[in-house]
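Heads up, the thing below is written out as structure tokens.
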Amino acid sequence: MTRITAWRRHPLARYAVLILALALVGMVYTAFVQAGRPADAALASGKLDDVAAGKSLFEVHCASCHGMNAQGTSTGPTLIGVGAAAVDFQMSTGRMPASNPGAQVPRKPMAGWVTPDKIRQIGAFVQSLGGGPQVPGKEQVDPALGDAGKGGELFRANCIQCHNWAGAGGALTQGKYAPNLNQATPTQIYEAMATGPQAMPVFNDTTITPEEKRSMIAYITQVREQKDPGGFGLGRIGPVTEGLVGWVVGITALVLASIWITAKKRQKS
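In structure tokens form, the structure reads like this:
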């Protein structure tokens with residue numbers, strides 16, 4: 569007892585007690601977080617079984633690049649915290665699994681083994697690892713419930729620098745580019761804003777609210793349906809394409825006119 573009493577009166581005793589208390593709090597917090605993760609995954613996928621099935625699929629098709637625990641490797645980034653929305657976006661657009669990694673992975677048809685159910689299961693597993701944005705519901709992405717006018721203002725303020733006013737896309741630096749949005753579904757557009765794939769920044773709900781995202785989706789889907797009554801749209805890429813066509817067509821017309829005028833003068837002489 570005397571030795572215990574002496575340790576209690578030691579100047580470092582209070583620090584030892586503080587470290588022990590912090591360690592205990594950390595263990596309790598970790599236990600609660602681990603216990604809550606399956607519930608989060610179930611919320612994202614609808615079934616707890618999806619987590620186990622997704623883990624098996626992930627180990628077979630994804631672990632070679634992202635690691636067995638999705639911690640990331642030299643060939644693939646970590647997926648901890650990216651959420652089920654990132655998985656759904658990357659796999660439903662055919663970007664993942666990547667067949668030829670480069671500066672930017674292009675959109676392509678989905679791999680033969682990829683189905684909506686398997687995407688949901690892998691998404692549930694990734695969601696269970698560290699949370700993150702979840703796949704939006706139908707009402708969240710319904711263009712009919714959005715304000716296309718307000719969405720146009722938001723799109724012009726945040727997106728046209730890369731995607732062009734009509735969502736036609738454009739070139740970026742170091743071999744990257746902003747993709748054309750005409751093939752993207754409303755769900756994929758929402759997920760891209762929420763997760764920020766590749767060179768795109770993340771627009772979380774504090775930057776652009778879910779209602780504003782829905783309005784932007786309404787604008788994007790409305791613009792892609794517009795016609796070009798004034799002539800050829802030229803891909804709606806902008807003044808560079810228009811200038812190039814004007815220059816080529818104009819110069820060609822002038823050259824042909826010069827040849828025709830010269831030929832006429834020779835005949836008269």
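The letter at position 123 of the sequence shown is residue 691 when you use my numbering, and the numbering goes up by one with no holes. Think of the CB as a built atom: it goes at the ideal place given N, C-alpha and C, for glycine as much as any other residue.
Expected contact under 8 Å - CB spacing of residue i and residue j to nearest Å
| i | j | result |
| --- | --- | --- |
| A767 | K781 | Not quite, the Cβ-Cβ distance comes to about 19 Å (not below 8 Å), so this is no contact. |
| G649 | G594 | With a Cβ gap of about 19 Å, G649 and G594 do not count as contacting. |
| H634 | L647 | 5 Å |
| I757 | I788 | 6 Å |
| T753 | A653 | The Cβ separation is near 13 Å, so there is no contact. |
| F693 | M784 | Actually they do not touch by this definition, with Cβ atoms about 30 Å apart. |
Residues bridged to residue i (per DSSP)
| i | result |
| --- | --- |
| A746 | G738 |
Contacts around residue i, its chain only, beta-carbon distance under 6 Å, and the 5 residues preceding and following it disregarded
| i | result |
| --- | --- |
| A621 | Q689 |
Between the CA atoms of residue j and residue i - distance to the nearest angstrom
| i | j | result |
| --- | --- | --- |
| Q695 | L812 | 48 Å |
| P625 | K686 | For clarity, residue 625 is Leu in the given sequence; the question names Pro instead. Their backbone Cα atoms lie some 8 Å apart in a straight line. |
| A739 | P747 | 9 Å |
| L588 | Q672 | 48 Å |
| R663 | V703 | 17 Å |
| G720 | V791 | 9 Å |
| A631 | D656 | 17 Å |
| E810 | V816 | 10 Å |
| E627 | P645 | 15 Å |
Local conformation of residue i per DSSP, three classes
| i | result |
| --- | --- |
| C633 | helix |
| M664 | coil |
| T683 | coil |
| P711 | helix |
| A652 | helix |
Residues of its chain near residue i, where Cβ-Cβ distance is below 7 Å and the 5 sequence neighbours each way are ignored
| i | result |
| --- | --- |
| T641 | C633, H634, G635 |
| L713 | E707, R782 |
8 Å Cβ shell around residue i - same chain, five flanking residues per side excluded
| i | result |
| --- | --- |
| Q742 | A671 |
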